[in-house]
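Notes to accompany the following structure.
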Ligand code: FAD
Ligand code: NAP
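Residue numbers (our numbering): 10 to 348.
Here's what the structure looks like:
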């Protein structure tokens, strides 16, 4: 039997660090422990929240259910040949430590995703992405336990239906599966992805002549450390909003009114607008109300400087969304999971 804690503060398990109590809380480190929790019929009547590193959620109130923290560890090579390697990682491994394992072993593919907080098990949830790479680019398959039946199921890439910060686990299969391990397909002969402007200029600054997996990882780490608040010092969950995608028609109209707007054309012909630019243009960047606000270097990141409540941060996000809608006729979508 694994211990179930009651009315447990889970503030320290989240990077926003707002006060929150979980009615029930427990952790599991292997499939046996997980199955033992799932077989408790009474407990399974509660609302369930699977917790990884807590870096993509905001609690606006206490959680009146069971918080189940996934600590399944282990990294192993499943298969390899001269050019490729399939690596399985337990869902409870820290994402950045997994990336460092790949970099140290010269396995290419995830170096652009260095220093993203959180655990491996959550990486498919929103198809994490940064600097021109998403995990769908290196994803092979995952194993997950179906909550209702306790049965193990394997998902291949197609079944995950990855999109921009989206997957089947945030949509049609929401709250139905607990991801227990993920298999990535990485490369021994790398194709470097340095198309993202900031990486190229950082490599120049670092005076790198021969690009390596390690050099790209170091460049990304440098940029991120300069630009983003470290959750250990200032509470945050990264980008609070997704970048909106609008039609070419709406874009043409907006571009006439806001010629400086930051945007990128997508292969579909639609336009991705940098949400950070919209928020910054409206003067939100660096605003502070009490202990919460919008980060001074990055308008997409809402922050908790100390003792704020999740509800205050949520209300601030609603004000920002209202002002973006009013001024640009664009509806922002929250990227952070709200509870
Ligand atoms: P959690 O916050 O614990 O959980 C997120 C969601 O996934 C919740 O709904 C949870 O229930 C669910 N979940 C977690 N684990 C499992 C599991 N094993 N099975 C089923 N469901 C599960 N994201 C990016 O995409 N790109 C970035 O560049 C990026 N940069 C960031 C920078 C900072 C400073 C911060 C704080 C966050 C950033 N993020 C970024 C967001 C976040 O780090 C990622 O979304 C990360 O994958 C969340 O992992 P986690 O383990 O913390 O998930
Ligand atoms: P940035 O480099 O200032 O760029 C602003 C936005 O423009 C980004 O959101 C990015 O979209 C887009 N962009 C920039 N160059 C692009 C290119 N060459 N092609 C297509 N789109 C481009 O962004 P930043 O805020 O410093 O973040 C850097 C990277 O880390 C981004 O990829 C961002 O998504 C990621 N990041 C994510 C989070 C999170 O919590 N989700 C937090 C911090 C950083 P994309 O976001 O689509 O890449």
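Beta carbons: idealized from backbone N, C-alpha and C, even for Gly. As the structure is a computational prediction, the values presented were derived from the model and not from experiment.
- Of 141, 309, 227, the smallest CA-CA separation from residue 291 is found for 309.
- A direct Cα-to-Cα measurement between residue 294 and residue 249 gives close to 13 Å.
- A straight-line Cα-Cα distance of about 46 Å links residue 319 and residue 219.
- With respect to the 8 Å criterion, residue 282 and residue 255 are classified as neighbours on the basis of their beta carbons.
- Of 329, 206, 273, the smallest CA-CA separation from residue 341 is found for 329.
- Pairing residue 15 with residue 120, the inter-Cα distance amounts to about 40 Å.
- For residue 140, the CB falls within less than 7 Å of some heavy atom of ligand 2.
- When the beta-carbon positions are compared, residue 52 and residue 13 come within less than 8 Å of each other.
- Not a single heavy atom of ligand 2 lies less than 7 Å from the C-beta of residue 176.
- Scanning its chain for C-beta atoms nearer than 7 Å, with the 5 sequence neighbours on each side dropped, one finds around residue 208 the residues 140, 225, 228, 229, in chain order.
- If you check the C-beta of residue 271 against ligand 2, you find a heavy atom less than 7 Å away.
- For residue 87, the enclosing beta strand (DSSP E) has its first and last residue at 84-89.
- Shown here, residue 343 sits in a strand according to DSSP, grouped into three states.
- Beta-bridge analysis with DSSP links residue 127 to no other residue.
- The shortest C-alpha to C-alpha distance from residue 251 to any of 80, 34, 43, 138 is the one to 138.
- For residue 263, the secondary structure class from DSSP, reduced to helix, strand or coil, is helix.
- If you keep only unbroken beta strand (DSSP E) runs of at least 3 residues inside the region 218-294, you get 244-248, 272-274, 280-282.
- Residue 161 and residue 46 have their alpha carbons spaced roughly 15 Å apart.
- Looking at the DSSP output, residue 153 bridges to 162, 188.
- A residue is called buried when at least 16 other Cβ atoms come within 10 angstroms of its Cβ; residue 244 meets this threshold and is buried.
- In the DSSP annotation of this structure, residue 204 is not part of any alpha helix (DSSP H), being labelled neither H nor E.
- Contact between residue 153 and residue 188 holds, with the beta-carbon distance rounding to 5 Å and staying under 8 Å.
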